[in-house]
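Residue numbers (the numbering used here), protein chains in the order written: chain A, 8 to 283; chain B, 40 to 363; chain C, 1075 to 1341. Note that the Cβ used here is the ideal one computed from N, Cα and C, for glycine as well. If you're wondering where the values come from, they're calculated on a predicted model, not measured in any experiment. For reference, the structure is listed below as structure tokens.
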């Protein structure tokens, strides 16, 4: 009974998400030229990150013991994962503003889960730019790299991208939930989303061990790409962890989403009992 | 659920913890009882005005009735549902219009917002078409449907918002300051529509307002709330009796300098603040001779005449009852 | 008139000073990024000491300075322009255009106030935290610091001028937020935030150095690191001033075009 109800709510949420996202797409399509320009600009501008890496490699041959194609592989996987979550719920940091100006209330009187409505807020197709750009770099890496492919490794790549997207998505949700208590703290989540993706682009060997431990055991961003990607590349993980951790991203993603759901519910409950 | 208790509040409370600044980092906690034990019932099909000064607890009550806020105490039922627990279920059965916040889509033609409501509320097609036709006709929206919302005037937008809140046939409609900022023509149109809606469809309407005319023209029953408590619940005529001083109008005069209270026939000085004085005079009397008399014997700089409003009614009510 | 703008600037300062939680959140984020980037620079400078003429301590100073400047010059936006774009979108801008105060100076004053607050708090805090962990090359000479602060002020003005153009573009492009995002990414790249401009190879390096965004981080950083002294310093200032003048002038022209547009179309 409770299970069918939960499933019903999830379906309701997805449906509401689709409805609202399509309204935002229509809104942007009302200004077609400006959409085309920003989409193209977004695609090009997100590429600057990779240009910076190319420039680094114009001076050196390796970074932290990793070659350019290997780093491109990390860049592509982190970029696509992040891009997916950014596309699906990239405007969740606006929640604080909605609480402050009171427009969250208008979402609460609609017959749909609030999380879905907030996630769909300002849905923008221009965010496809980042995913495309990440896929291109990933494609380049896969072409150039000499990987000893096995079935497991081949399967691990798409699994990694989707689980990574889910892990970043969970971070977005937790960050939004946090704003129920601290409306102005939207920037904190940038540390873990944008900061996370910046970090995951480079190999873990570059960073201090404590930092690597932090993103492995505390905020499990290492499961986005480091652990599975290093397995695919046939590189040892700098921490002493069992190798099977490389196959756990889906489980970690599920756990993260569960925790994020709880955080969200606690946040929403707090809003509805304090009125912020 | 009995129709007589369609909306039922029993000793409803809402307490907020407020953190006040006390030094750079330190915060002092204090309790604010925004709604402090309110009980009333509203029967299906009633049209009720819910009034009170700013910060009296009106919006907090509405937010609890719509399920936005969870009560801190007491019992609350709307259409047999517990609003905060069954929020989405309730949302299907209520309509909400926030006077100062539009729910319409800013960059899109008005029609698109209605399309969204159609799907979001899963309104059957035939029903939707019928309701659309009715709203468009009565709220005069035909010319506006293809216009992006951002290009609508405040009054047009309010009419658009009201229509959006009604397409799913809500049994209750909550309106928070529906006529605030509207011009006279728009106000009249909105009032007429609400009256018809209530009369023909039997929709229960609960509205908060600052505008006494809204109440006079729409509501047989009025509730006055202040400091989170229900001060009055009854017919509008009764409220007039309670605040009988409301049959007075107010003349606000600015004199050149601070002077003793103006002494004049028909006029009663209510308040003096520096060179400004508030004078009450009977509504029936004409303002012109009074103004002339003041100008003749006092150094008058500026003046204005104020019609009785909610605030005045409530102020008078307190004065007569000796509450607080 | 000057008093009015001083008041507006003070208002900008105070307003941002009240966002206490946002400030802490920002310092936290800048610090996290500082750590991440610092380690990548260490890896890079380990491989190639004296890359771009910096030793490792200078490179790390550059990292933490960058984190401090990010909010000060509002590199990714988030200054006045969001509000201005929103006012254009909502049509409230029409009333602004008829105010007796000059629109551009008004927003500039407010943005300078904001920048002053961000410089004092978000500019210094991450740097101090970074200095606890890494060896930084901070100058002892107080005149270098003064020269640096002046260069930062000019950087803020250039950044303002660019963002003013971005905001005004929403009169025509409508998706102001999208443009702001692109320009944010462009300025991140061409200011030297991702990598110091003197590490940029060949033509790209030459180009990056003459674009306005070098005023935002690269020039102030080089002033602090003692790369610009004497006439070199004067030249650096002249470069920043030149871009400020050009961009502010373009902003004025665009502003009067926007005013005409509003008058004709009524918003």
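- Taking a Cβ-Cβ threshold of 7 Å, none of the residues of chain C is close to residue 232(A); the smallest such distance is about 15 Å.
- Put simply, the backbone Cα of residue 1284(C) is about 10 Å away from that of residue 1317(C).
- For residue 139(A), the enclosing alpha helix (DSSP H) covers residues 135–151.
- For residue 1103(C), the nearest beta carbon of chain A is closer than 7 Å to its own beta carbon.
- When the Cα atoms are used, residue 111(B) and residue 102(B) turn out to be separated by approximately 13 Å.
- The beta carbon of residue 77(A) is closer than 8 Å to those of 148, 152, 210, 240 and 242 in its chain, skipping five residues each way along the sequence.
- With respect to the C-alpha of residue 128(A), the residue from 262(A), 11(A), 228(A) and 29(A) having the closest C-alpha is 29(A).
- Of all residues in the stretch 92–106 of chain A, none is placed with a Cβ closer than 7 Å to any Cβ belonging to chain C.
- Residue environment for residue 1097(C): buried (at least 16 other C-beta atoms within 10 angstroms of its C-beta).
- Following the DSSP letters along the chain, one finds residue 310(B) inside the beta strand (DSSP E) bounded by residues 307–312.
- Only residues of its own chain outside the window of five on either side were considered, and among them 184, 185, 186 and 187 have a CB closer than 7 Å to the CB of residue 148(B), listed in chain order.
- From the listed residues 1202(C), 1080(C) and 1125(C), the smallest Cα separation to residue 1183(C) is found for 1080(C).
- The count of Cβ pairs closer than 8 Å, one atom from the stretch 24–43 of chain A and one from the stretch 137–144 of chain A, stays below three, leaving the stretches out of contact.
- In this structure, the alpha-carbon of residue 1257(C) lies about 11 Å from that of residue 1241(C).
- Nearest Cα to residue 323(B) within the set 289(B), 339(B), 301(B) and 244(B): 289(B).
- A Cβ of chain A is located within less than 7 Å of the beta carbon of residue 146(B).
- For residue 41(A), no chain B residue has a C-beta closer than 9 Å to its own C-beta; the minimum C-beta separation is roughly 11 Å.
- Contact of residue 110(A) with chain B is assigned, a C-beta pair being separated by under 7 Å.
- Residue 230(B) carries a helical assignment under DSSP once its states are collapsed to helix, strand and coil.
- Residue 87(A) sits close to residue 168(A), with the two beta carbons spaced by under 7 Å.
- Taken in chain order, the whole beta strand (DSSP E) runs of length 3 or more contained in the stretch 178–253 of chain B are 211–215 and 243–247.
- Within chain B, the residues 147 and 151 have their CB atoms less than 7 Å from the CB of residue 33(A), given in chain order.
- In the three-state reduction of the DSSP assignment, residue 45(B) falls in the coil class, being assigned neither a helical nor a strand state.
- A residue is called buried when at least 16 other Cβ atoms come within 10 angstroms of its Cβ; residue 140(B) does not meet this threshold and is exposed.
- Check the Cα spacing between residue 56(B) and each of 48(B), 47(B), 50(B) and 68(B): the tightest is with 68(B).
- As computed with DSSP, residue 343(B) is found in a beta bridge with 291(B).
- Under DSSP, the beta-bridge partners assigned to residue 264(B) are 269(B).
- Measuring C-alpha to C-alpha distances from residue 1149(C) to each of 1226(C), 1311(C), 1320(C) and 1328(C) identifies 1226(C) as the nearest.
- Around the beta carbon of residue 1314(C), 16 or more other beta carbons sit within 10 angstroms, so the residue counts as buried.
- Listed along chain C, the residues sitting closer than 8 Å to residue 195(A) by beta-carbon distance are 1099, 1102 and 1103.
- By the Cβ rule, the stretch 1169–1185 of chain C does not count as touching the stretch 1262–1273 of chain C, because fewer than three pairs are nearer than 8 Å.
- When C-alpha distances from residue 329(B) are compared across 316(B), 305(B) and 85(B), the shortest belongs to 305(B).
- Exposure of residue 1157(C) is indicated by the presence of fewer than 16 other C-beta atoms within 10 angstroms of its C-beta.
- Within 10 angstroms of the beta-carbon of residue 331(B) lie fewer than 16 other beta-carbons, which makes it exposed.
- Within chain A, the residues 117 and 118 have their CB atoms less than 9 Å from the CB of residue 160(B), given in chain order.
- Per DSSP, residue 119(A) lies in no beta strand (DSSP E) segment and is marked neither H nor E.
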